[in-house]
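What follows is a short report on a single structure.
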Amino acid sequence: MKIAVDLSYIREECNTGLAVYAFNLLQGFRDLGLMDSVVLLSEAGFEQGYARQTEGFRTIPVTTGSIPFLPFSRGPLNRRKLDSILEEEGVSVLLSPYIYDRSLYSRRVPCIGVIHDTNLFHQKNVLLRARYRLGAIKACNRLERIVAISECSREEIQKIKGIKTPVEVIYNSVVSTADPSRKTAVEPPYILDVNTILEHKNPLTLIRAFEQIKDRIPHRLVFKAKRTPYWNEMLGPYIRSASLEGRVELNEAVLTREELDRLYVNADLFVSPSNMEGFGFTPIEAALAGVPVICNALPTLVESTRGLVTYYSPAEDASALTEKILYVLENRDAIKTEEIRKEFLEAYSPRHQAECFMELISRVAGGSF
Numbered sequence: 297m298k299i300a301v302d303l304s305y306i307r308e309e310c311n312t313g314l315a316v317y318a319f320n321l322l323q324g325f326r327d328l329g330l331m332d333s334v335v336l337l338s339e340a341g342f343e344q345g346y347a348r349q350t351e352g353f354r355t356i357p358v359t360t361g362s363i364p365f366l367p368f369s370r371g372p373l374n375r376r377k378l379d380s381i382l383e384e385e386g387v388s389v390l391l392s393p394y395i396y397d398r399s400l401y402s403r404r405v406p407c408i409g410v411i412h413d414t415n416l417f418h419q420k421n422v423l424l425r426a427r428y429r430l431g432a433i434k435a436c437n438r439l440e441r442i443v444a445i446s447e448c449s450r451e452e453i454q455k456i457k458g459i460k461t462p463v464e465v466i467y468n469s470v471v472s473t474a475d476p477s478r479k480t481a482v483e484p485p486y487i488l489d490v491n492t493i494l495e496h497k498n499p500l501t502l503i504r505a506f507e508q509i510k511d512r513i514p515h516r517l518v519f520k521a522k523r524t525p526y527w528n529e530m531l532g533p534y535i536r537s538a539s540l541e542g543r544v545e546l547n548e549a550v551l552t553r554e555e556l557d558r559l560y561v562n563a564d565l566f567v568s569p570s571n572m573e574g575f576g577f578t579p580i581e582a583a584l585a586g587v588p589v590i591c592n593a594l595p596t597l598v599e600s601t602r603g604l605v606t607y608y609s610p611a612e613d614a615s616a617l618t619e620k621i622l623y624v625l626e627n628r629d630a631i632k633t634e635e636i637r638k639e640f641l642e643a644y645s646p647r648h649q650a651e652c653f654m655e656l657i658s659r660v661a662g663g664s665f
């Protein structure tokens, strides 16, 4: 039995969360010795951009087309071509690590797809939301199974009227090469948040909390992210009006894995105030680096961090967050960071994630490897 993994959604950028998700899963397949049982599908011309991450697997470049401004047209337009490739390769299951409006699908073999969040089902523009829902529900119902990345995500998917495909949960894997023993003193010290700079990620609450205690602690507040319109139009003006220039920083640098590890390890504290997550990679990455973590008590984040880190609520209550920041900074030695790190290393290993997928694939395809 052979699996085809659709990586055609990965284009120029290979360090996004959605790309890393697929690469971590491939590492799990490597760990299980399944490289000969997995073939990768790539959009032609992009496969060399992630050749290092896919080393050891055979990649088939596929040239696909779609109708501009018509979401979900790429799947139907390229179905026959894909069916022909899958038949020629002897593929038994098509696995899509990311279901979105350009996902491929097959009628020849069972399809399994991962939904990472339901944000676009709830977008504010009524017409865009209706158009997306129509196409997305059809795409979901072509699948044999939907994979959610948390129980909270499964509940959100199951609330969407019209989706009939069974939903199962397989948690993400999180790979870390960070070594907490290599922590070095940084002056001035810093509090870190690694996340997309969008309103629903709630960075403004973190800035307001920091503002309340800026004269009581020596720390900087560092956001590792790309600059966005929300930063330029909302956060930047707020930082200037609060005279926080020099204390609140946006790190836009493209970092190597080693540099990102160093950024995590040397932080005194990691804070994730996010109001919406399908899973929540970065708090786990921080914990794997041996850093104390504070999260918004969002059910998804509590689930993915297994109730082991520090939480605050309500989500937009800067004073509540301030209290937790001060508590953790003053009691850092009491936080059981090494115990948390060990539990996360076991729970979120690529091998464990791949084993869960193989169990699901065997049930869906009715075979074994």
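Under my numbering, the residue at position 247 of the sequence shown is numbered 543, and the numbers go up by one with no gaps.
Note that CB positions come from ideal geometry on N, CA and C, so glycine has one too.
- Residue environment: glutamate 384 is assigned as exposed (fewer than 16 neighbouring CB atoms within 10 Å of its CB, all protein chains considered).
- Here alanine 300 is near leucine 337, since their CB atoms are less than 8 Å apart.
- Contact between valine 518 and asparagine 562 does not hold, since the beta-carbon distance rounds to 10 Å and is not under 8 Å.
- The alpha-carbon of valine 589 is positioned some 15 Å away from that of glutamate 639.
- Under the 10 Å beta carbon count, glutamate 635 is surrounded by fewer than 16 other beta carbons and is classified as exposed.
- Annotation for serine 380: no residue places its beta carbon closer than 6 Å to its own, counting only its chain and skipping 5 residues before and after.
- Residues Pro485 of the same chain have their beta carbon placed closer than 6 Å to that of aspartate 564, with the five preceding and five following residues left out of the count.
- Selection Ala538, Leu328 and Thr492 evaluated against aspartate 511 yields Ala538 as nearest (Cα-Cα).
- Using a 10 angstroms sphere on the CB of proline 579, the tally of other CB atoms reaches 16 or more, which defines it as buried.
- Isoleucine 408 has its alpha-carbon roughly 8 Å from the corresponding atom of valine 389.
- With a cutoff of 8 Å on beta-carbon distance, isoleucine 466 and phenylalanine 653 are scored as near each other.
- Only residues of its own chain outside the window of five on either side were considered, and among them Pro588 have a CB closer than 6 Å to the CB of isoleucine 631, listed in chain order.
- Under the three-state reduction of DSSP, proline 372 is assigned to helix.
- Phe319 is the residue among Phe319, Val605 and Met297 whose C-alpha sits nearest the C-alpha of arginine 647.
- In this structure the stretch 500-515 does not touch the stretch 469-482; the number of beta carbon pairs closer than 8 Å is below three.
- Contact between the stretch 598-611 and the stretch 442-462 is established, with three or more Cβ pairs separated by less than 8 Å.
- Per the coordinates, the alpha-carbon of valine 624 lies some 17 Å from the alpha-carbon of leucine 584.
- Rounded to whole angstroms, the separation of the alpha carbons of alanine 661 and leucine 378 is 18 Å.
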